[in-house]
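Quick note on numbering: our numbering labels position 337 of the sequence shown as 369, and the sequence is numbered without any gaps.
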Amino acid sequence: MPFYFRKSVSAGPFRFNLSSGGIGMSVGVNGLRFGTGPRGHYVHAGRGGLYYHASLGENSSRRIYAEPSRSHFAPPRRHPAHIVEPNVDMVPVSSGDVMSMSDERFSDLLDEFNSKQGKLSLAWTLAGTALVLGLISAAGLGVGAIIAAFVLTVIAAIVGAHIDATRRSVVVMYNLEQDASAAYQSLTDAFDHLAASSRKWHVDAGGKVRDIHTWKRNAGASTLVDKRPTQFGYGLPRVLKSNVTPPTMQVGKETLYFLPDLTLVVENGRVGAVAYDALRVTWQDSRFIEEDSVPSDAQIVGETWKYPNKNGGPDRRFANNRRLPICLYESFHLGSANGLNELLQVSTNGRTRAFASAVQALAAVLGRSSAVLALPNL
């Protein structure tokens, strides 16, 4: 979908407005400037690199791509594989701790994200308190008093949600020059082409088949893959209010948000970040023996038997032995030195290259170039 910039963003009663002079804030009525409320961040990208400015509480702007990033590597967490195959060592593919996905260039922003994410919701607190006190007060006063207690609970929840929209939100306003805008548009176009694949999966683990009996039980596959359907789309994490709605990928427990300046990694209310100059995208064709229905856009490049002989023919001891199609899918890996490690697969092939090139081009516009690594060995 073509991305577009909104000129204003609301966070509770506050409205942040983007203009040629930067970011301003109004509350109550148009034009009334007010010096409190959620902190707003202004990001300018284009020729000369990426500049960051906190609109409230900080008067200076700074160029955040002036120094090399220093990040701390977090080893990937090992999760049990869902496929149980005693003779195959399933190797998990998972990212490290989200809180270790830090970058000095975005440390202030990440600190605020995690601070706001961790704040207690007043909507639930006020609603729960109003309900308990209302029911206690209404005891013995009849149905009307109980109804009044529930009405007060709803009002308390609405008021709490309105306050939460301010105190639990981070506002980020983007202003992209023509070169940065074109680079980000290319990234969203490439993402759309990738997301248009009929099926998409997140790979949790994989392992090599090393003996003939396991090979026969798994239709002659040389590698077993534990994968689950996943979703690509557009959206924002709860804590973020912005004039851009970025592409998103669900990668296991984490969700990736491809913003114009960085990739946010969100898991269970915790937020990390990977800069585009540190994001590594690699891909390769994957021949996959499909036991389920074949995706509508998949290319079939061969077939095998569910229970093959050593020579590739059917093992006639099995009455239900049937032919299975071999589909040419595409696997791609998203990784970074600070702990991102995710493997995905789509039902088409030849589409990830454009996405990887768009990531590199955007990184170059923002001030650096992206590196390339090989896919992880399973």
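No residue lacks a Cβ here, since even glycine has one placed at the ideal position from N, Cα and C.
Taking each of I179, H73, A222, P340 in turn and checking the Cα distance to G382, the smallest one comes out for A222. In terms of Cα proximity to G238, the closest of D224, L376, A310, F264 is L376.
Y289: member of the beta strand (DSSP E) spanning 286–290, first to last residue.
As computed with DSSP, E374 is found in a beta bridge with L366.
Exclusion of the five residues before and after L142 leaves S134, D135, V303, G304, A305 as the residues of its chain whose Cβ lies within less than 8 Å of its Cβ. Ranking S274, W233, S201, V313 by CA distance to the CA of L219 puts V313 first.
In the DSSP assignment, R385 falls within the alpha helix (DSSP H) that extends over 384–398. V202 sits close to V271, with the two beta carbons spaced by under 8 Å.
Remark: C-beta atoms of Y361 and V333 do not approach each other more closely than 8 Å. N373 is positioned such that its CB atom lies closer than 8 Å to that of S127. Under the three-state reduction of DSSP output, S218 falls in the helix class.
Non-local beta-carbon contacts of L208 in its own chain, meaning distances under 7 Å to residues more than five positions away in sequence, involve A77, G78, Y216, P292 in chain order. Judged by their CB atoms, A181 and A159 are not nearer to each other than the 8 Å cut-off. Assigned with DSSP and collapsed to three states, D135 falls in coil, not helix or strand.
Here D309 really is in contact with A395; their C-beta atoms are around 4 Å apart, less than 8 Å. For F350, there is no enclosing beta strand (DSSP E), as DSSP marks it with neither H nor E. Around the beta carbon of S230, fewer than 16 other beta carbons sit within 10 angstroms, so the residue counts as exposed. For V186, the number of other beta carbons within 10 angstroms of its own is below 16, and it is reported as exposed.
Inter-residue distance for K285 and A390 is about 25 Å (C-alpha atoms, whole angstroms).
In its chain, beyond the 5 residues on either side, V297, E299, R302, G304 have a beta carbon closer than 6 Å to the beta carbon of V130. With a 10 Å radius around the Cβ and a threshold of 16 neighbouring Cβ atoms, A171 comes out exposed.
Secondary structure at E322: coil, using DSSP grouped into helix, strand and coil.
Leaving aside the five residues that flank A386 on each side, the residues in its chain whose CB is nearer than 6 Å to its CB run, in chain order, A222. Per DSSP, the beta bridge partners of V306 are T295. The criterion of a C-beta distance shorter than 8 Å is not satisfied by T287 and F264.
Shown here, L360 sits in a strand according to DSSP, grouped into three states. A330 sits in coil when the DSSP states are folded into three classes, being neither helix nor strand. Looking at the DSSP output, L208 shares a beta bridge with A77.
Here Y266 is bridged, per DSSP, to P279.
The beta carbon of R354 sits closer than 7 Å to those of K338, all from its chain and outside the five residues before and after it, given in chain order. DSSP places K342 in the coil class of the three-state scheme, outside both helix and strand.
Apart from the 5 residues on each side of it in sequence, A393 sits with its Cβ closer than 7 Å to the Cβ of A215, S218 in its chain, given in chain order. Judged by beta-carbon spacing, R260 lies within the 8 Å limit of D236, meaning their Cβ atoms are closer than that value.
Residue nearest to E335 within the set G176, R319, V276, Y289 is R319 (criterion: CA-CA distance).
Spatial neighbours of G267 in its own chain (CB-CB distance under 7 Å, excluding positions within 5 residues in sequence) are listed in chain order as T277, T280. Rounded to the nearest whole angstrom, the CA to CA distance from E322 to V125 is 21 Å.
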